[in-house]
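The block underneath contains the structure these notes are about, expressed in structure tokens.
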Amino acid sequence: MGIGRRTGAVRRGVLALVLALGLVTAGSTVPAGAAAAGAGGPAVGARGSAGAAATFTNPVATNRSDPHIISFGGRYYYTSTDGCQAGWLCVWESATLTGLGGATRHPVWQIPACPAPNCREVWAPEIHELGGQFYIYYTATDATEHANHRIFVLRSTTGAPTGPYVEADTGYPHGQLRESSDLFAIDLNVFTGPDGRLYATWSGWPTSAGGRQHLYIAPMSDPLHISGPRVQISAPERPWETVRYPVNEGPVGFVRNGTTFITYSASACWSDSYAVGLLTNTSGNLLDPAAWVKTGPHFKFHSGVRGTASFVPIQTLDGAETWFLVHANTNACDPGRVLRAQRLYWDPTGTPVLGYPVADGVPLPPPSGELGSTGTPNPYERGWGDAFGDAAIGDTVHGRRTGAWTVLSPTEARLTSFGGTTWTQLFRAANPNYETYTAAVDVQWVATGTTSAYPKYGMYASYADRNNYVAVFIDIKYRVLATFAVVQGVPAGWQNAPLPAGFVATSYHRLTVRKTGATYRFLLDGKQLQQRTFSGEFPVLLNGQVGLVTEDTKANYRNLAITDTW
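The sequence shown begins at 183 in the working numbering and counts up one residue at a time.
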């Protein structure tokens, strides 16, 4: 058995392609060495009134894994490694995304008996409509070696997505889709690039020796033929890609506004840390490895939802919204995995924003056109909004945007109200799943109110939810740079460092946080003033959103940047 794959009932191992603490009495900043005391704490937003609008909850289907979905003729059609009758591949048909669990199941192709090169471990089938014809690309092997996994293609004989299907005529036995290396290959995805050409992307071994799974891309002359050598575009090198085993797999390519994205699954599928990564290409040359920029993770466990990967985007039938499907683990890579649907947002730069996995049972607005919904606006269109984390666990009170903010751009905002002793906050609507990054913003004091004994202004270094966050403040009353954290519901206390001599609050100052896991370094105008490492049960302050936060202070912020993601 090869690395990361299982046989028998567990068909797919290394897989293809997303707080019950009350208000913390946060204390306040005081001169270094003095006892912390007093007021302050994260803001509580107004609770929305219960309305009559229909909602749905995740998961939307059980016993599903490695989903791929298309729409055709006003309906959705999807495929899955698991959930079909034994010995068959299925296509499921549904009128809605929220109804995928009750979709009509169509067995469309019977897996051949061994010996055959495609008789075992049939994984990650993907249904595609290309040139008016329907195809299913899938991974399979013979009964002997894990290294013999290859890609095969089925073709619908009826011109309908529900088949039946036969092995396509690729020029090779059993419809194998050959590429020149002829090495271990799984999880193939086909997409149309910005140049109008077809491309194939897949996960494979760099050599016959096996081991780490890399991502490759190659051009296609038509849906049944790869027409050029494979090009490696990603290898599992970053910490979030190597948990339990170094893996890149399950790539899915799509194009928006001329930019090409490939999402993929990283780390071992049997780990809680199975996550979604992202490759971005703005050059249009998809065969240039240097043109691909890697970021991530973009979706990882949160809210009790674990092993979330195998991402695929889908437009609603009315074209108004983009959603995505992932599967999540219930017991490692076993067939008990479940299917989840969430809204996909786009930040002002055109980057997809997935947020956090939403907990089981949390009500969500349905996709546009379903359950009476006419769609909901993108609350993050201007680059700012509420926190993702509290909403993901069904908390409609905490993590809300509060105060009178004037948003000038995705990198600039001004607070024009004092807010009293409760912290006033605004969250940057960007990927909250980065684990290592640098966040920086220029900040200027404007005015201090008269309510709080400890007025201050600063930023959230990371805000996962009200039980897990780190904040840094400039306190001009006591002339300290003050930091505070809540770790797994427990306040970690204040730590203070003197402000530099001659600090002028009316000037803009660069406030910077460098986060590496649970270690945070705090800098002011390029000089490090503090470093803190937090402890607790895994995961400890793994990720979170950057935000702006003040107490009884008006302030201006500009040039917010999140860089050095790793």
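A virtual CB, placed ideally from N, CA and C, is assigned to each residue, including glycine. Bear in mind that the values here come from a model prediction, so they are computed numbers and not experimental data.
Less than 9 Å between the C-beta atoms of arginine 661 and phenylalanine 685, yes or no? yes
Could you check whether alanine 541 and asparagine 240 sit closer than 9 Å to each other, using their CB atoms as the reference points? yes
Using DSSP's beta-bridge definition, name the partner residues of leucine 380. Thr374 and Met402
Which class does leucine 282 belong to by DSSP, given the choice of helix, strand or coil? helix
For the alpha helix (DSSP H) containing glycine 571, list its first residue and its last residue. 570–574
What does DSSP give as the partner residue(s) for histidine 691 in the beta ladder? Val625
Which residues in the same chain have their Cβ closer than 7 Å to the Cβ of threonine 464, if we skip the five residues on either side of it in sequence? Thr441
Nearest by alpha-carbon distance to leucine 271: which of Gly283, Thr278 and Asn300 is it? Asn300
Kindly list the residues whose CB is nearer than 8 Å to the CB of serine 409, restricted to its own chain and excluding five residues on each side of it in sequence; keep chain order. Ala400, Pro401, Met402 and Ser403
Can the beta-carbon of glutamate 303 be found less than 9 Å from the beta-carbon of alanine 322? yes
Inspect the beta-carbon positions of threonine 374 and valine 437 and report whether they are closer than 9 Å. yes
With leucine 711 and leucine 742 assumed to form a contact (beta carbons below 8 Å), what rounded beta-carbon distance in angstroms separates them? The Cβ separation is near 20 Å, so there is no contact.
Using only the alpha-carbon positions, how far apart do alanine 448 and alanine 491 sit? 8 Å
For alanine 502, which residues of its own chain have a beta-carbon under 6 Å away from its beta-carbon, when the five flanking residues on both sides are left out? Ser550 and Gly557
Going by DSSP, what residue range makes up the beta strand (DSSP E) through glutamate 419? Counting along the chain, glutamate 419 falls outside any beta strand (DSSP E), and DSSP gives it neither H nor E.
Compute the distance between the beta-carbons of tyrosine 446 and leucine 370, then report whether it is under 9 Å. no
Apply the 10 Å Cβ neighbour rule to cysteine 515 and answer buried if 16 or more other Cβ atoms are within range, or exposed otherwise. buried
Take the Cβ of lysine 709 as the centre, count every other Cβ of all protein chains shown within 10 Å, and call the residue buried at 16 or more, exposed below. exposed
Going by other Cβ atoms of all chains shown within 10 Å of its Cβ, with 16 needed for buried, is alanine 621 buried or exposed? buried
Rounded to the nearest angstrom, how far is the Cβ of aspartate 734 from that of threonine 633, given a contact under 8 Å? 5 Å
So the beta strand (DSSP E) isoleucine 656 belongs to, where does it begin and stop? 650–657
My understanding is that valine 654 touches leucine 723, with C-beta atoms under 8 Å, so please give their C-beta distance in whole angstroms. Valine 654 to leucine 723, Cβ: 13 Å. No contact.
Using DSSP with H/G/I as helix, E/B as strand and the rest coil, what is histidine 328? helix
Please check if any C-beta of chain B sits within less than 9 Å of the C-beta of arginine 740. Of the chains in the structure shown, none is chain B; there is only one protein chain.
Buried or exposed by the 16-neighbour rule on C-beta atoms within 10 Å, applied to serine 644: buried
CA-CA distance, glycine 571 and glycine 357? 45 Å
Is leucine 521 buried or exposed, if buried means 16 or more other CB atoms sit within 10 Å of its CB? buried
For alanine 646, three-class secondary structure by DSSP: strand
Do glycine 478 and arginine 420 come within 9 Å of each other at the CB atom, strictly closer than that value? yes
Give me whichever residues DSSP pairs with tyrosine 619 in a beta bridge. Lys697
I'd like to confirm the pairing. Which residues does DSSP put opposite glutamate 311 in its beta bridges? Phe316
Which term fits serine 717, buried or exposed, when burial requires 16 or more other beta carbons within 10 angstroms of its beta carbon? exposed
Indicate whether lysine 736 and glycine 631 have their beta-carbon atoms separated by less than 9 Å. yes
Any chance you could list the beta strand (DSSP E) runs of at least 3 consecutive residues sitting entirely within the region 439–496, in chain order? 441–448, 457–463 and 475–481
Over the uninterrupted beta strand (DSSP E) stretch that includes glycine 341, give me the two end residues. That residue, glycine 341, is in no beta strand (DSSP E); it is neither H nor E in DSSP.
Three-state secondary structure assigned by DSSP to proline 680: strand
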